[in-house]
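Colleague:
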Amino acid sequence: NAGVTQTPKFQVLKTGQSMTLQCAQDMNHNSMYWYRQDPGMGLRLIYYSASEGTTDKGEVPNGYNVSRLNKREFSLRLESAAPSQTSVYFCASSGEGGYTEAFFGQGTRLTVV
Amino acid sequence: QQQVKQSPQSLIVQKGGISIINCAYENTAFDYFPWYQQFPGKGPALLIAIRPDVSEKKEGRFTISFNKSAKQFSLHIMDSQPGDSATYFCAAARSNQFYFGTGTSLTVIP
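So the sequence lines, in the order shown, correspond to chains A and B.
Take the first sequence: its letters are residues 1065 to 1177, numbered as in our numbering.
Take the second sequence: its letters are residues 11 to 120, numbered as in our numbering.
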């Protein structure tokens, strides 16, 4: 059981380049999330998807777009990368109802130069 | 605006000691309070969680204390071990929306 799988694990981009971070879960979860983790800032929600076909902005959505391709996959796109987007990105998923655990992927370490 | 405030930012404890991490929240609509543990290079993983209808939950050496009236909750790690060295995040959640604290880097010295 793979859980939540993110690709790639590492990426270096030049300012202005675009890229898509991929995430897939095999736990049949409806809810999926993208977080970024920065020193001293904790985990901040970028976008959230409650179900296939729906997405909502989180705390820090500027500069990002998302696609909930199907129930399994939730991708995060940077259209024009900026140095401020250097961070570690985590995808997560959770099941139905309250009191439910969020499962995280291994993370993508992105550096924008 | 930080929904969940966590302290301290870092903590150094001797092996066998007690580690205490504190969190506070404002939104009384939160109904689930998990703690996550993260090792370097890994994603966070659920450690222990509590609902607001109980004041304490214990799992092995890990205990959550919850004070609903003060809107505060804390993680206590008893008999801390070097293997507990990690970053700990508290969180508050409602309807599958999770809000995380800023994290505490715990180092347990042998």
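Even glycine gets a Cβ: it sits at the ideal position worked out from N, Cα and C.
I'd like to confirm the pairing. Which residues does DSSP put opposite M1083 of chain A in its beta bridges?
Modeller: Paired residue(s): A:L1142.
Colleague: I need the straight-line Cα distance from R61 of chain B to Q1081 of chain A, nearest angstrom please.
Modeller: The straight-line gap from Cα to Cα measures roughly 44 Å.
Colleague: Looking at C-beta atoms only, is the number of pairs between the region 1124–1133 of chain A and the region 13–25 of chain B that lie closer than 8 Å three or more?
Modeller: Taking 8 Å as the limit for Cβ pairs, the verdict is that the region 13–25 of chain B does not touch the region 1124–1133 of chain A.
Colleague: Just the Cα atoms here: how many angstroms apart are F1154 of chain A and R71 of chain B?
Modeller: Those two C-alpha atoms are separated by around 28 Å.
Colleague: S1139 of chain A CB to nearest chain B CB: under 7 Å?
Modeller: No, S1139 of chain A lies away from the interface with chain B (no Cβ there is under 7 Å from its Cβ).
Colleague: Could you check which residue in A:W1098, A:H1093, A:V1176 has the C-alpha nearest to that of Y1112 of chain A?
Modeller: Selected option, being the one with the closest Cα: A:W1098.
Colleague: Does at least one heavy atom of the ligand MG sit under 6 Å from the Cβ of G51 of chain B?
Modeller: The ligand MG is not part of the structure shown, which contains no ligands of any sort.
Colleague: List the endpoints of the continuous beta strand (DSSP E) containing E69 of chain B.
Modeller: Looking at the DSSP string, the run of the beta strand (DSSP E) that includes E69 of chain B is 66–69.
Colleague: Could you name each continuous beta strand (DSSP E) segment of 3 residues or more that falls completely within the region 70–106 of chain B, going from the start of the chain to the end?
Modeller: Complete beta strand (DSSP E) runs here, min 3: 72–77, 82–87, 96–104.
Colleague: Taking a Cβ distance cut-off of 9 Å, strictly less, list which residues of the region 87–116 of chain B are near chain A, in chain order.
Modeller: Here the close residues are F99, A101, A103, R104, S105, N106, Q107, F108, Y109, F110, G111, T112, G113.
Colleague: Can you give me the Cβ contacts of A1146 of chain A inside the same chain, cut-off strictly under 7 Å, excluding the 5 residues immediately before and after it?
Modeller: Result list for A1146 of chain A: T1079, G1127, V1176, in chain order.
Colleague: Measuring straight from C-alpha to C-alpha, what distance separates T1069 of chain A and P54 of chain B?
Modeller: Rounded to whole angstroms, T1069 of chain A to P54 of chain B spans 14 Å at the Cα level.
Colleague: Starting from the Cα of K81 of chain B, find the closest Cα among B:Y42, B:K52, B:Y98, B:I28 and give me that residue.
Modeller: For the residues B:Y42, B:K52, B:Y98, B:I28, the minimum Cα distance to K81 of chain B belongs to B:Y42.
Colleague: Residues of the region 1151–1174 of chain A with a CB closer than 7 Å to any CB of chain B: list them in chain order, please.
Modeller: For the region 1151–1174 of chain A, which is checked against every Cβ of chain B, the residues closer than 7 Å are F1154, S1158, G1162, Y1163, T1164, E1165, A1166, F1168, G1169, Q1170, G1171.
Colleague: Between the C-alpha atoms of F76 of chain B and S84 of chain B, what's the straight-line distance to the nearest angstrom?
Modeller: Answer to the nearest angstrom: the Cα atoms are 7 Å apart.
Colleague: Which bits of chain A does L56 of chain B rub up against, with CB to CB less than 7 Å?
Modeller: Ordered by position in chain A, the residues that pass the 7 Å Cβ test against L56 of chain B are E1165.
Colleague: Does S1115 of chain A have its Cβ less than 7 Å from a Cβ in chain B?
Modeller: By this cut-off, S1115 of chain A is not an interface position.
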